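The opening position of the sequence shown corresponds to residue 292 in our numbering, with each subsequent residue numbered one higher.
We put the beta carbon where it would ideally sit given N, CA and C, even for glycine.
Predicted, not measured: the structure shown is a model, and the values here were computed from it.
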Amino acid sequence: MNEQNVLGHHIRQLRKAQGMTLRDLAEKAGCSESMLSKIENGKGNPSIKALQGISKALGTNMGALFQPDAAPGIVSHWGERHMAQMTTGRGVVLEYLSPHLPGHTLQAHIHVVEPGGSSLGEISHEGEEVGYVLTGELELTVDDQTYHVKEGDSFFFSSELPHAFRNNGAVTARVLWVNTPPTY
């Protein structure tokens with residue numbers, strides 16, 4: 292199942308489990324029924340704002356919508372982890388280090404950001420974020436302040452502050468990124 296189908300499958304599954312119609316979810320999420328239908332059928336590419344509204348209306352987070360069904364485990368082996376193209380960014384792949392399971396209070400992944408890759412605009416949400424640049428470099432903007440972080444640097448900020456990132460470097464950046472509560 293590809294990423295768009297996983298997203299649509301999970302939205303439909305959660306919506307039906309809560310006894311909601313497309314119209315109900317659209318009203319709660321602040322989007323159109325037709326857009327939801329396209330997303331559920333793997334034909335729509337929602338914005339981050341739409342995903343925030345949908346996940347909030349469903350009582351979950353964005354990460355849960357993309358995570359494939361998986362059994363919990365203690366160890367996650369390289370090459371077997373879920374990788375997802377970040378629909379809220381360009382040239383960004385998320386490598387999930389921890390599965391999203393009900394009751395989990397944090398989420399860890401590696402942002403793999405190609406040169407020129409970026410988030411598509413700023414986002415803000417509840418919680419906190421911490422990151423550590425494994426390789427490469429990023430331009431990180433938090434609350435209209437821009438920071439240049441490179442290999443070995445770390446960062447921490449309240450997720451409620453508007454934030455975005457971009458790789459202006461010549462090499463792929465790999466950033467260990469942890470969110471609490473789970474977001475992506």
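Whole-angstrom Cβ separation of residue i and residue j, contact assumed at under 8 Å?
i      : j      : result
GLU516 : GLU451 : Missing from the structure shown is residue 516; the chain here goes from 292 to 475 and no further.
GLY460 : GLY427 : 5 Å
VAL433 : HIS454 : 5 Å
Could you name the residues of the same chain whose beta carbon sits closer than 7 Å to that of residue i, not counting the 5 residues immediately before and after it, in chain order?
i      : result
SER328 : LEU313
ALA464 : VAL404, VAL424, THR426, GLY427, GLU428, LEU429, ASN458
Between residue i and residue j, what straight-line distance do the alpha-carbon atoms span, to the nearest angstrom?
i      : j      : result
GLY333 : THR396 : 28 Å
ILE345 : ARG381 : 21 Å
ILE302 : GLU386 : 21 Å
VAL440 : SER410 : 16 Å
MET292 : SER449 : Its pLDDT being 49, under 50, MET292 is placed unreliably in this model, and the value from its coordinates should be taken loosely. Between MET292 and SER449, the C-alpha separation is close to 34 Å.
GLY408 : VAL424 : 15 Å
VAL256 : THR474 : Residue numbering for the chain in the displayed model covers 292 to 475; residue 256 lies beyond these limits and cannot be assessed.
ILE330 : THR351 : 17 Å
GLN436 : VAL404 : 20 Å
ILE339 : PHE446 : 22 Å
PRO406 : VAL466 : 13 Å
Excluding the 5 residues flanking residue i on each side, which residues of the same chain have their C-beta closer than 6 Å to its C-beta?
i      : result
THR246 : Residue 246 falls outside the range modelled here, since the chain spans only 292 to 475, and no answer is possible.
LEU305 : LEU349
PRO337 : ILE330
VAL462 : GLY427
Which stretch, first to last residue, makes up the alpha helix (DSSP H) that contains residue i?
i      : result
ALA348 : 339-348
SER445 : Run containing SER445: none in the alpha helix (DSSP H); it sits in the beta strand (DSSP E), 445-449.
Apart from the five residues on each side of it in sequence, which residues of its chain come closer than 8 Å, Cβ to Cβ, to residue i?
i      : result
ALA317 : SER323, GLU324, MET326, LEU327
Are there any heavy atoms of the ligand ATP lying less than 7 Å away from the beta-carbon of residue i, as far as the coordinates show?
i      : result
LYS329 : As far as ligands go, the structure on display features none, and thus does not contain the ligand ATP.
Can you tell me where the beta strand (DSSP E) with residue i in it begins and where it stops?
i      : result
LEU313 : Here LEU313 belongs to no beta strand (DSSP E); instead the alpha helix (DSSP H) covers 313-320.
GLU430 : 428-433
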